[in-house]
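Those letters in the sequence shown? Residues 408 to 683, by the numbering used here.
The structure under discussion appears below in the form of structure tokens.
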Amino acid sequence: MRTKIRWWRYLLLTLAALVFAFPFYFMVVGAFQLNPTNSPGSLFPTDNWTTQNFTNINGRLDLVGSLLNSSIFTAGVLLGTIVFGLLAGYALARLDFRGKSATWVLMLLIQMVPFQLLMIPLYVQVTRTYGLGDSYLGMILPFAINTTAVFIFTQFFRALPQEVFEAARIDGASELRILRSVAIPLVRPALVTVLLVTFIGPWNEFLWPFLITKDVTMQPLAVALANYISNVAGSTANANGAILAGATTLAFPVVILFCIFQRYFKASEIGSAVKG
Numbered sequence: 408m409r410t411k412i413r414w415w416r417y418l419l420l421t422l423a424a425l426v427f428a429f430p431f432y433f434m435v436v437g438a439f440q441l442n443p444t445n446s447p448g449s450l451f452p453t454d455n456w457t458t459q460n461f462t463n464i465n466g467r468l469d470l471v472g473s474l475l476n477s478s479i480f481t482a483g484v485l486l487g488t489i490v491f492g493l494l495a496g497y498a499l500a501r502l503d504f505r506g507k508s509a510t511w512v513l514m515l516l517i518q519m520v521p522f523q524l525l526m527i528p529l530y531v532q533v534t535r536t537y538g539l540g541d542s543y544l545g546m547i548l549p550f551a552i553n554t555t556a557v558f559i560f561t562q563f564f565r566a567l568p569q570e571v572f573e574a575a576r577i578d579g580a581s582e583l584r585i586l587r588s589v590a591i592p593l594v595r596p597a598l599v600t601v602l603l604v605t606f607i608g609p610w611n612e613f614l615w616p617f618l619i620t621k622d623v624t625m626q627p628l629a630v631a632l633a634n635y636i637s638n639v640a641g642s643t644a645n646a647n648g649a650i651l652a653g654a655t656t657l658a659f660p661v662v663i664l665f666c667i668f669q670r671y672f673k674a675s676e677i678g679s680a681v682k683g
């Protein structure tokens, strides 16, 4: 009976995986086809393969420069998210200070406010007050502190045994030393999770970079590809191939990153930190 249930479970999981993977398959295959959506047979092509769609992208925009802009933008957001997330999460989980509960509630309330609601005030402040339009810092600042990352780190730090921190304090370690040498090694799954989830956000972010960058040379890949797709859709014989090639170019780094780091998505051996 258990074997039969397990067999059905694997079958359902396999079918669900195929359903979720099919749009990605269609995107990749269509990006290499001359006519990606003209007939049902195009879903399983045997001919009409081409790399012209990607060649057109490279010819219409500075692909290397756009990739560099996206990399700098994403790296800056990741750095701010990890540094501020770890510090704030550790403070909220393991330190006692006045206003701690109010700070926690305020952070949860901030998560309920959509970014689009704050976009216009942020735009005015970043461009007019600080003069950071068309700059990497102007793109990074609104995303430098991620309340979701703070929440994740706080919950993981709270789950760590109190004895670990007490032993480190008895040995004379400072709070920063405890965070660096004790806490962070025990929350590596949370660290990798935050990195991957945060990477996807700024890498695919379109609206804020589009709003803040007027200089084409400063635009990240998502904005450059959106402009390319909107301009090329009505001027090429293979508009669908161009669109799918652009989507594939944008999604490829995220897929590669997930494939490399997926093995780190596992439970943390927190209990092994406590002897006895």
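Every residue, glycine too, gets a C-beta built ideally from N, C-alpha and C.
The structure displayed is predicted, hence computed values, not measured ones.
- L618 and L593 have their alpha carbons spaced roughly 39 Å apart.
- Contact annotation, A556 with T605: C-beta distance approximately 6 Å; criterion of less than 8 Å satisfied.
- For A654, the enclosing alpha helix (DSSP H) has its first and last residue at 646 to 668.
- Separation of F480 and P616 (C-alpha to C-alpha, rounded to the nearest whole angstrom) is 9 Å.
- Taking the CA atoms as reference points, D469 sits about 29 Å from V531.
- For N611 and A652, the gap between their C-alpha atoms comes out near 15 Å.
- If only uninterrupted alpha helix (DSSP H) runs of at least 4 residues are considered, those enclosed by the segment 413 to 481 are 459 to 467.
- Setting aside the 5 residues that flank it on each side, A590 is surrounded in the same chain by Y497, F564, L567, each with a C-beta closer than 7 Å to its C-beta; the list follows chain order.
- Taking the C-beta atoms as reference points, E582 is found no nearer than 9 Å to L493.
- I607 is a Cβ neighbour of V661, given a cutoff of 9 Å.
- Taking the C-beta atoms as reference points, G466 is found no nearer than 9 Å to G648.
- Comparing alpha-carbon positions, the option among V426, F427, S477, N460 lying closest to A631 turns out to be S477.
- With respect to the 9 Å criterion, F659 and A633 are not classified as neighbours on the basis of their beta carbons.
- Look at the segment 499 to 524 and you find no whole run of beta strand (DSSP E) that is 3 residues long or longer.
- DSSP places V589 outside any alpha helix (DSSP H), giving it a letter other than H or E.
- In the displayed model, Y497 falls within a helix according to three-state DSSP.
- S542 carries a coil assignment under DSSP once its states are collapsed to helix, strand and coil.
- Look at T488 here: in three-state DSSP terms it is helix.
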